[in-house]
Amino acid sequence: MSLPNVAKELYMEAGKRCVDRMRFLGTYTRALKLQLKISETFPEDINIKNQIAVSYLMMGRGKEAAKVLEEVLHDDSKNGFAKVHYGFILKTERNDIESAIKYMSEGIATREPGVIDGRFYFHLGDALARAGRTEEAMEVYKEGVREGLFFSVYQRSLYNVRGLKAQPWWRAEETPYAASMQDLESHWEEIRDEAISLMSDRGFLPESENLRDTGDWRQFEMFARGRKIDKNCKRAPRTCALVSRIPDAANCKRGQVKFSIMHPGTHVWAHTGPTNCRIRAHLGLVVPPKVRIRVANDTRTWKTGKFIIFDDSFEHEVWHEGDSVRLVLIVDFWHPDLTPHQKASLAPI
1 MSLPNVAKEL YMEAGKRCVD RMRFLGTYTR ALKLQLKISE TFPEDINIKN QIAVSYLMMG
61 RGKEAAKVLE EVLHDDSKNG FAKVHYGFIL KTERNDIESA IKYMSEGIAT REPGVIDGRF
121 YFHLGDALAR AGRTEEAMEV YKEGVREGLF FSVYQRSLYN VRGLKAQPWW RAEETPYAAS
181 MQDLESHWEE IRDEAISLMS DRGFLPESEN LRDTGDWRQF EMFARGRKID KNCKRAPRTC
241 ALVSRIPDAA NCKRGQVKFS IMHPGTHVWA HTGPTNCRIR AHLGLVVPPK VRIRVANDTR
301 TWKTGKFIIF DDSFEHEVWH EGDSVRLVLI VDFWHPDLTP HQKASLAPI
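Below, the structure is given as structure tokens:
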């Protein structure tokens, strides 16, 4: 091996390590700039191109990531890493369900490094379910459990703390928050009236995570990632004041507090939340007939002036087959099993 070749190999290895550190620090623009320079030196290296696509994805630049992956697949049509990432983009950004299924399933089947990842199993299963192929979706989830990517076929959150109590539905008395929930319940009419006043003021925004199959589902956020949203709390001061008295809700960095309004004819796809670090409580404010929510394999409805409590890291699905709006207050609490240190150190979601 000649010295110039050794120097190039060292340059490649040093560059990869620098990119890893830059990504860890969140300096994605610097990482991408270095990757593009490395790719100029090694233009035939497909692995570098794949990692450039990953950097684009980390930066929220899906179109550019897709373009790079298309170039990779043009040169290497069987590249599993490129296939799963391209399928991921097709599903999450283009809503091209059938093509996403093809690319992600083919990519996972290669078992190449980087393809056995919970995100790909999560979105492949979801795509299959949306295509009406529910049995195939469940097989993907079962495989994800066998690979250690999911806790169970129903509990498929990706940002987790191990060892927390896991059950689809909770009772208030199983948590340390029963008194706080009772306090909110005692003010449910005030909370309802404040929410209704926002409805007439067009304060609600459409659900933004592509979870809605049919109908109209809107939300009004007051707390997110452990922080008060001041501009919205000025419009809902009473509700925000009540929630502010509950630190494990107001300061829950992995949760939200929001009003949720759902119109007749709405169906929300079966989905799971991102983390097992919270429990989710819904306070019924306006509850018409023919509305229901399934969590895992247990379907229930809401109760006016009362909380229902579930773990949204489990698969859940919602139907509104009534003829008037359903309105609830959603309050996320830290999971009761988390320690103070864990609550302080966990990254926001």
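Quick note on the UniProt record's numbering: the sequence shown kicks off at 1 and runs consecutively.
Beta carbons are placed, not taken as given, at the ideal position from N, Cα and C, and that holds for glycine.
Short Cβ contact (8 Å threshold) for residue i with residue j
i	j	result
Ile48	Asp75	no
His320	His271	no
Val84	Asn50	no
Trp188	Gly62	no
Leu198	Gln219	no
Gly284	Asp312	no
Leu90	Ala82	no
Leu338	Cys277	yes
Asp213	Trp302	no
Ala127	Ala100	yes
residue 429	Ser157	Only positions 1 to 349 of the chain appear in this structure, which leaves residue 429 out of reach.
Tyr56	Glu64	yes
Leu184	Ile261	no
Gly125	Val145	no
Pairwise C-alpha distance: residue j and residue i
i	j	result
Glu13	Arg119	27 Å
Ala281	Arg245	16 Å
Ser345	Ser77	42 Å
Lys16	Lys33	12 Å
Ile309	Met22	40 Å
Ser180	Lys290	29 Å
Cys18	Gly60	21 Å
Cys240	Glu190	12 Å
Trp217	Arg202	13 Å
Glu147	Gly215	36 Å
Met58	Ser186	44 Å
Gln342	Trp334	10 Å
Val287	Thr266	14 Å
Ser208	Phe259	14 Å
Ala224	Leu329	14 Å
Gly322	Val331	24 Å
Phe314	Gln155	4 Å
Phe151	Asp117	14 Å
Gly80	Leu164	34 Å
Lys142	Ile196	43 Å
Asp298	Arg227	32 Å
His316	Val295	4 Å
Glu98	Pro113	24 Å
Ile279	Glu40	49 Å
Val115	Ala236	45 Å
Leu25	Arg292	43 Å
Ile349	Ala7	42 Å
Glu194	Ile229	16 Å
Ala249	Arg130	32 Å
Gly87	Tyr103	5 Å
Arg171	His123	31 Å
Glu136	Thr92	19 Å
Gly107	Ala53	15 Å
Asp20	Arg254	26 Å
Asn95	Ala66	14 Å
Collapsed DSSP secondary structure at residue i in the structure displayed
i	result
Glu44	coil
Glu93	coil
Ile349	coil
Gln342	helix
Met1	Only weak support is given to the placement of Met1: the predicted model assigns it a pLDDT of 31, under 50, and the value that follows is read from those uncertain coordinates. Here Met1 sits in coil by DSSP.
Gln35	helix
Arg227	strand
Tyr159	strand
Arg326	strand
Val115	coil
Thr304	strand
Val153	coil
Residue i: first and last residue of the uninterrupted alpha helix (DSSP H) it sits in
i	result
Ile101	97-110
Val145	134-146
Glu185	178-186
Arg130	118-130
Asp201	It is not in any alpha helix (DSSP H) - Asp201 carries neither H nor E in the DSSP assignment.
Asp230	230-233
Glu207	Per DSSP, Glu207 belongs to no alpha helix (DSSP H) and is neither H nor E.
Ala65	62-75
Boundaries (first-last residue) of the beta strand (DSSP E) holding residue i
i	result
Ala224	217-224
His335	Looking at the DSSP string, His335 is not in any beta strand (DSSP E), and its letter there is neither H nor E.
Glu317	316-320
Gly298	The sequence shown places Asp at residue 298, rather than the Gly named in the question. Its beta strand (DSSP E) spans residues 298-300.
Asp213	212-214
Phe310	307-310
Cβ-heavy atom distance, residue i to the ligand GTP, below 7 Å
i	result
Gly215	With respect to small molecules bound, the structure shown includes none, and the ligand GTP cannot be examined in it.
Residue ranges of each beta strand (DSSP E) within the region 239-296, 3 or longer:
256-262, 267-271, 278-286, 291-295
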